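In this text, residue positions in the sequence shown follow this note's numbering: the first is -9, and each later residue adds one. Beta carbons are placed, not taken as given, at the ideal position from N, Cα and C, and that holds for glycine. Please read these numbers as outputs of a predicted model, since none were measured by experiment. Structure, as C-alpha cells:
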Amino acid sequence: MAIRKIRLEGDDILKKRSREVEEIDEKIQILIDDMIETMHKYNGVGLAGVQVGVLKRVIVIDLYDEHGPIVLLNPVIIKTKGEQEVDEGCLSFPNQFAKVIRPAEVVAEYTDREGKRMRVKAKELLAQVISHEVDHLNGEVFMDKIIPGTLEYIEPEK
Ligand code: NI
C-alpha cells in the first residue's frame, strides 16, 4: 500500500467527471487500498478517486466506527430526503471549513470491492459524506455550494 498525493484546490482535475469502473481488477484493488491508507493518514472521513488523480468512480469512506472502511464503486444516489445544515471540509481544501446544506437522508446503490451490487440507506454524517463524495465524481466540490459568509480557515494543531 502507498500514500497517494492529494490533488488540491486549483487543480483542474477536481472539475472533471469520473468514469465508471468497468472491471474490478488488481489495479482497482490497489487503488482502493491506497485510497483507504491516504484517507487515514490525513484523518479524512471520505476520499474520491479524482482526489488522488484517478478519474474513476471510486469512493472510500470511514466514519471510524464499528463498520470500518466502506468502498463504493459506481455509486448512484437513488433517493434523498430532507435537508441538514452541516459543517464541512475536504482533504482537497486543507484547513477550510464552511456550512453546507446536504440531504438528511440518502439511499445509494453501489458495487462493493468484491463486485456485489449493494444498497445503503444513510442519514446524518454518512448521508453527508456520500453526498460530498458523489459530488466529487461529478466534478463538483463543496466550496461551490457553501452557505455564504460561513467559510473559516482553521490552522491545524502542530
Ligand atoms: Ni472532498
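{"Item": "Start-to-end residues for the beta strand (DSSP E) that takes in A106", "Value": "Sequence inspection shows Lys at residue 106; the Ala mentioned does not correspond to that position. Note, K106: premise wrong, no beta strand (DSSP E); not H, not E."}
{"Item": "DSSP three-state assignment for V40, whether helix, strand or coil", "Value": "helix"}
{"Item": "Reference D221; option with closest CA among E114, V48, H30", "Value": "The chain is shown from -9 up to 148; residue 221 falls before or after that span and cannot be answered."}
{"Item": "Residues that F87 bridges to, as DSSP identifies them", "Value": "E142"}
{"Item": "Three-way DSSP call (helix, strand, coil) for K31 in this model", "Value": "helix"}
{"Item": "From L116, V50, E123, E75, residue whose alpha carbon lies closest to that of I20", "Value": "V50"}
{"Item": "Beta-carbon separation (whole angstroms), A38 vs L127, contact threshold 8 Å", "Value": "6 Å"}
{"Item": "Contact check, Y100 vs P59, beta carbons under 7 Å", "Value": "no"}
{"Item": "Residues proximal to the ligand NI by C-beta, any heavy atom closer than 7 Å", "Value": "G36, A38, Q41, C80, L81, S82, H122, E123, H126, V131, F132"}
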